[in-house]
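K.L.:
Numbering (the working numbering), first residue to last: 23 to 311. No residue lacks a Cβ here, since even glycine has one placed at the ideal position from N, Cα and C. Here the structure is a predicted model, which is why all the values come from computation and not from measurement. Structure incoming, see below.
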């Protein structure tokens, strides 16, 4: 049973005139006639009698009337349900959540104010599996290059990870640090499963350095604040301390770091891309460009 035909049936039952019904619907009178004929054929009953210039409901038409209203009302309720209850679940690593996601969310919410956004912090979690399981709709992560067969990388941006310290830190008196200096100066590090911490740690171990850890945490914000307080030298993405570097609250440590990490926008290749999700992905691409 065609909902459009039911809508035409209801309007015709009210207008009692094919020409007026066509005008209300903005279509040709022949289209109204065809839709009513289709409905009558599908039900196996005549719904209207045409007596001269008059169009009146038959007994069968009168019986259909309350059901047609109910069916179209339920259809409208279903449409309203899915128009209002739009939601996205986005997975983010801690640094992205704290320092990059705000601008993405601000722009997206201005266009989709009724969409609910649920965030899942991914530190230490298998976000590739979460995408495969449908637990999250998309992910934005700071990690080494993702090359999972069941994950599609929509956008990738190279990031700079630096060593930063308070402007009064003793390490800044040295024009250039060498690996063995980290046996003296305490490091503020992300947890051992962090991709860029693993690479940095391995470079020190390759030099035979037993580095000194002043703090270990899964929070980039804690590393930044501890660096500002002079507790140690923080290993941190540059985008997280851009303002502090500009105002010389923190300074870069003169030490060469080659850490191949990227901010990456990910989805599952078979994920259904709704209009809302598509707009979110495009907004994220724009901000990460």
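Identify, in the order they occur along the chain, each residue of the same chain with its Cβ nearer than 6 Å to the Cβ of residue 182, setting aside the five sequence neighbours on each side.
P.N.:
Answer for residue 182: 260, listed in chain order.
K.L.:
Check whether the stretch 257-271 touches the stretch 127-135, taking contact to mean three or more Cβ pairs, one atom from each stretch, closer than 8 Å.
P.N.:
Flag = no, the stretch 257-271 and the stretch 127-135 do not touch.
K.L.:
Name the one or two DSSP bridge partners that residue 285 has.
P.N.:
Per DSSP, 164, 179.
K.L.:
If you measure between the beta carbons of residue 253 and residue 245, is that distance less than 7 Å?
P.N.:
The answer is no: Cβ separation not under 7 Å.
K.L.:
In this structure, what does DSSP give as the bridge partners for residue 239?
P.N.:
According to DSSP, which records beta bridges pairwise, residue 239 is partnered with 212.
K.L.:
For a minimum of 3 consecutive residues, which ranges assigned as the beta strand (DSSP E) are wholly contained in the stretch 241-272?
P.N.:
Counting whole runs of 3 or more residues, the stretch 241-272 contains the beta strand (DSSP E) stretches 255-259.
K.L.:
Can you look up residue 112 in the DSSP assignment and give me helix, strand or coil?
P.N.:
In this structure, residue 112 counts as strand in the three-state DSSP scheme.
K.L.:
Between residue 310 and residue 174, which are expected to be in contact by the criterion C-beta below 8 Å, what is the C-beta distance as a whole number of angstroms?
P.N.:
Not really, about 15 Å apart at Cβ, beyond 8 Å.
K.L.:
Give the straight-line distance between the Cα atoms of residue 28 and residue 61, rounded to the nearest whole angstrom.
P.N.:
Using only the alpha carbons, I get a separation of about 8 Å.
K.L.:
Under the assumption that residue 238 contacts residue 213 (Cβ atoms under 8 Å), give the Cβ distance between them as a whole number of angstroms.
P.N.:
6 Å between Cβ atoms; contact.
K.L.:
Just confirm the distance between the C-beta atoms of residue 38 and residue 77, as a whole number of angstroms; I'd bet it's less than 8 Å.
P.N.:
Contact holds; Cβ gap of about 5 Å.
K.L.:
Using DSSP bridges, identify the partner residues of residue 72.
P.N.:
Beta-bridge pairing links residue 72 to 77.
K.L.:
Per DSSP, which one or two residues make a beta bridge with residue 174?
P.N.:
For residue 174, which the question treats as bridged, DSSP gives the partners 289.
K.L.:
Could you tell me the distance, in whole angstroms, from the CA atom of residue 200 to the CA atom of residue 277?
P.N.:
Approximately 7 Å between the Cα atoms of the pair.
K.L.:
Measure the CB-CB distance between residue 30 and residue 54 and report whether it falls below 7 Å.
P.N.:
In contact: residue 30 and residue 54 (Cβ atoms closer than 7 Å).
K.L.:
Assuming contact is defined by CB atoms lying nearer than 7 Å, are residue 40 and residue 57 in contact in what I supplied?
P.N.:
For residue 40 and residue 57, no; Cβs fall outside 7 Å.
K.L.:
Any idea what DSSP makes of residue 279, helix, strand or coil?
P.N.:
Coil at residue 279, not helix or strand.
K.L.:
Is the beta carbon of residue 162 less than 7 Å from the beta carbon of residue 118?
P.N.:
Cβ distance < 7 Å, so residue 162 and residue 118 count as in contact.
K.L.:
For a test of the three-state rule: what should DSSP assign to residue 141, helix, strand or coil?
P.N.:
It is a strand residue.
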